[in-house]
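Chains as they are written, first to last, in this note's numbering: chain A, 87 to 223; chain B, 26 to 182. Encoded as structure tokens, the structure appears first; notes follow it.
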Ligand SMILES: [Fe+2]
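This is the structure we're talking about:
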């Protein structure tokens, strides 16, 4: 279980989506790391990666919309961080489409995705919740 | 090497270990060592340039490296593969980034090269004949070392 209660920002829509994102990431990692021969699980690894990538786009859009709605002051900077990460993942996938989906590159991407998401939800996204609470307060 | 420089890294280690791994980190007795050697199973080297120049070398024993990645991923690991070594490299990279941000508050502007990961090799790293500082660190999942060598490239004050 990758999701932790302390990742909550106190906004149900965002928290539910974060939990779903961690779930899809966890599925991807489990396939990549399950020890089965790479050629036998390649399709499943690609599927779980696509499933995760798809949700990242959907979630970033919703989270950015929420930030605009509450007038989050760091919206522009946060949007750039999202766009930068999405571009990085897209570039990994583009490269693998060209050079083949190697186990090593998929493991590298899984590690990068994991550490990025833990830091982003654990720190950057927490500030959205703090701002939302300060407005209500 | 000033206490502030060392401390910037120690504080960043504590903060990131807590945030990413839910672990507290205790510092042991600092030692001066003649050589920077990657003697552990998983080693991550950070090159620093700018107002401070040098290297920071993190060394983790295998069981600890695997446990760290288990904490983050929720999946049991049994070898230091690309997933494990990349994840360790990322954690160290984030620590380095945090430390450089706090050093910039003391007007030391530095850059960092992408982390270099050295798995299971005994290799001497230091290029200069300079001594480095070894910081032994301890968590509830194991002990690890951080070697710091930083020289001032300019004089402040
Ligand atoms: Fe975000």
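For glycine and all other residues, C-beta sits at the position ideal for the given N, C-alpha and C.
Taking 8 Å as the threshold, the shortest C-beta distance from residue 70 of chain B to chain A does not fall below it. For chain A, the residues of the segment 110-135 of chain B that bring a beta carbon within less than 7 Å of one of its beta carbons are 111, 112, 115, 116, 119, in chain order.
Sequence-ordered contacts of the segment 174-208 of chain A with chain B read 189, 190, 191, 192, 193, 194, 195, 196, 197, 198, 200, 201, 202, 204, 205, 208 [C-beta pairs closer than 9 Å].
Using a Cβ-Cβ cut-off of 8 Å, residue 119 of chain A counts as an interface residue toward chain B, since at least one Cβ of chain B sits closer than that to its own. Per the Cβ contact rule, the segment 175-185 of chain A is not in contact with the segment 117-125 of chain A (fewer than 3 Cβ pairs under 8 Å).
Taken in chain order, the complete alpha helix (DSSP H) segments of 4 or more residues contained in the segment 104-173 of chain B are 107-129. Residue pairing by DSSP puts residue 78 of chain B in a beta bridge opposite B:176. Inter-segment contact for the segment 89-107 of chain B and the segment 62-77 of chain B is present: three or more beta-carbon pairs are separated by less than 8 Å. Residue burial annotation: residue 110 of chain A is buried, with at least 16 other C-beta atoms found within 10 angstroms of its C-beta.
Residue 187 of chain A carries a coil assignment under DSSP once its states are collapsed to helix, strand and coil. For residue 156 of chain B, same chain residues with a beta-carbon under 7 Å away, outside a window of 5 residues either side, are 57, 58, 59 in chain order. In the DSSP assignment, residue 112 of chain A forms no beta bridge with any residue. Residue 134 of chain B counts as exposed, since fewer than 16 other C-beta atoms from the protein chains shown sit within 10 angstroms of its C-beta.
For residue 33 of chain B, the closest of B:124, B:112, B:100, B:174 by C-alpha to C-alpha distance is B:124.
Counting C-beta pairs with one atom in each stretch, the segment 190-206 of chain A and the segment 107-114 of chain B have three or more that are closer than 8 Å, which means they touch. Here DSSP, grouped into helix, strand and coil, assigns residue 32 of chain B to helix.
Using a Cβ distance threshold of 8 Å, residue 173 of chain B and residue 105 of chain B do not count as a contacting pair.
Look at residue 91 of chain B: its C-beta is not under 8 Å from any C-beta on chain A.
When the Cα atoms are used, residue 121 of chain B and residue 137 of chain B turn out to be separated by approximately 8 Å. Around the beta-carbon of residue 83 of chain B, 16 or more other beta-carbon atoms lie within 10 Å, marking it buried. Linking residue 113 of chain A to residue 158 of chain A through their CA atoms gives a straight-line distance of about 32 Å. Assignment of residue 156 of chain A by DSSP, reduced to helix, strand and coil, places it in the helix class. Counting only residues of its own chain and dropping the five nearest sequence neighbours on each side, residue 141 of chain A has a CB closer than 7 Å to the CB of 106, 107, 110. No Cβ-Cβ contact shorter than 8 Å links residue 107 of chain B with residue 139 of chain A. For ligand 1, a non-hydrogen atom lies closer than 7 Å to the CB of residue 211 of chain A.
Under the DSSP assignment, residue 57 of chain B falls in the beta strand (DSSP E) whose first and last residues are 56-58. Chain-ordered, the chain B residues with CB closer than 8 Å to the CB of residue 116 of chain A read 100. Counting other Cβ atoms within 10 Å of its Cβ, residue 134 of chain A reaches 16 or more and is therefore classed as buried. Between the segment 203-215 of chain A and the segment 159-166 of chain B there are fewer than three inter-stretch CB-CB distances shorter than 8 Å, so the stretches are not counted as touching. In summary, residue 145 of chain B is exposed, with fewer than 16 beta-carbon neighbours lying within 10 Å of its beta-carbon over all protein chains present.
Here residue 129 of chain B is not near residue 37 of chain B, since their CB atoms are 8 Å or more apart.
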